[in-house]
Amino acid sequence: AQSVAQPEDQVNVAEGNPLTVKCTYSVSGNPYLFWYVQYPNRGLQFLLKYITGDNLVKGSYGFEAEFNKSQTSFHLKKPSALVSDSALYFCAVRDPSGGSYIPTFGRGTSLIVHP
Amino acid sequence: DARVTQTPRHKVTEMGQEVTMRCQPILGHNTVFWYRQTMMQGLELLAYFRNRAPLDDSGMPKDRFSAEMPDATLATLKIQPSEPRDSAVYFCASEGAGSSYEQYFGPGTRLTVT
Numbered sequence: 001a002q003s004v005a006q007p008e009d010q011v012n013v014a015e016g017n018p019l020t021v022k023c024t025y026s027v028s029g030n031p032y033l034f035w036y037v038q039y040p041n042r043g044l045q046f047l048l049k050y051i052t053g054d055n056l057v058k059g060s061y062g063f064e065a066e067f068n069k070s071q072t073s074f075h076l077k078k079p080s081a082l083v084s085d086s087a088l089y090f091c092a093v094r095d096p097s098g099g100s101y102i103p104t105f106g107r108g109t110s111l112i113v114h115p
Numbered sequence: 116d117a118r119v120t121q122t123p124r125h126k127v128t129e130m131g132q133e134v135t136m137r138c139q140p141i142l143g144h145n146t147v148f149w150y151r152q153t154m155m156q157g158l159e160l161l162a163y164f165r166n167r168a169p170l171d172d173s174g175m176p177k178d179r180f181s182a183e184m185p186d187a188t189l190a191t192l193k194i195q196p197s198e199p200r201d202s203a204v205y206f207c208a209s210e211g212a213g214s215s216y217e218q219y220f221g222p223g224t225r226l227t228v229t
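One line per chain: the protein sequences are U and C, in this order.
Residue 1 is where the first sequence starts when you use this note's numbering, and the numbers rise one by one after that.
Residue 116 is where the second sequence starts when you use this note's numbering, and the numbers rise one by one after that.
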């Protein structure tokens, strides 16, 4: 069975500082990994993904994430946070070896960027 | 600008009433997911369809929930009878064949059952 954990319910960071939102996963095969962002009263919006290739993936709005197979992690990062980055962030995993490709989402991490 | 649409955006109903939520996936997308989001449970997968065929509805309470895709441009989620514990935001998401598994979410239907 696949699973994903976001160990922090909330991350606080000052505007201009780097941010990290953590995600760890568990799958039986090679994972497909995703980050989504949800702004208030909106649906989830795709940010970036790792399927194969370079472990460092870049996505929308200056976000990036690094796939670390040995640590089974896929942390989301941004060098300089903006107040407008404040939102709920979800990590998701899919296990292609499972055949069904059903995604499993983490519980979400609330990112608060202070001016 | 292709996007997933959902109607209604908000629904307030009394316990025992039937609720129907509709979703129009992005044109050409062949996979549709229904999710429920609550503070307590987070994001839960209720059901999903590929090429209009239901593939998994194990997350859905079978006695009161039903999901269908009458055609490729419409997915429906019905609750009958509704209960207060069904109060949540219901999201539809679609995914295209060969899209590398990126899901596109609709804006959601906020359901309140009193």
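The beta-carbon is built from N, C-alpha and C at its ideal position, and this holds for glycine as well.
- Message: Rounded to whole angstroms, what is the Cα-Cα separation between A1 of chain U and D186 of chain C?
- Response: 32 Å
- Own chain, CB closer than 6 Å to L88 of chain U, minus 5 neighbours either side, in chain order: Q38, G108 and S110
- Can a CB atom of chain C be found closer than 8 Å to the CB of I112 of chain U? no
- Message: On a Cα-Cα basis, can you pick out the residue from U:A5, U:V4 and U:L19 that is closest to V11 of chain U?
- Response: U:L19
- Item | Contacts that F46 of chain U makes with chain C (C-beta to C-beta distance below 8 Å) | E217, Q218 and Y219
- G157 of chain C - containing beta strand (DSSP E), residue span: G157 to R165
- Item | Contact set for T229 of chain C: own chain, Cβ-Cβ below 8 Å, skip 5 residues either direction | V127, T128, E129, M130 and P199
- Task: Tell me whether K78 of chain U is buried or exposed, calling it buried when 16 or more other Cβ atoms sit within 10 Å of its Cβ.
- Result: buried
- Message: Using the three-state DSSP reduction, which class does R151 of chain C fall into: helix, strand or coil?
- Response: strand
- Query: So what does DSSP say about V119 of chain C, is it helix, strand or coil?
  - Reply: coil
- Measure how close the beta-carbons of S234 of chain C and Y216 of chain C come, nearest whole angstrom, since I'm counting them as under 8 Å. Because chain C in this structure spans residues 116 to 229, residue 234 of chain C falls outside the shown range and cannot be described.
- Item | Contact list for the stretch 8-30 of chain U against chain C, Cβ threshold 9 Å | none
- Query: Which value, in whole angstroms, describes the spacing of the CA atoms of S3 of chain U and Q195 of chain C?
  - Reply: 31 Å
- Take R225 of chain C and list the residues in its own chain whose beta-carbon comes closer than 6 Å to its own, dropping the five residues that flank it on each side. H125 and V204
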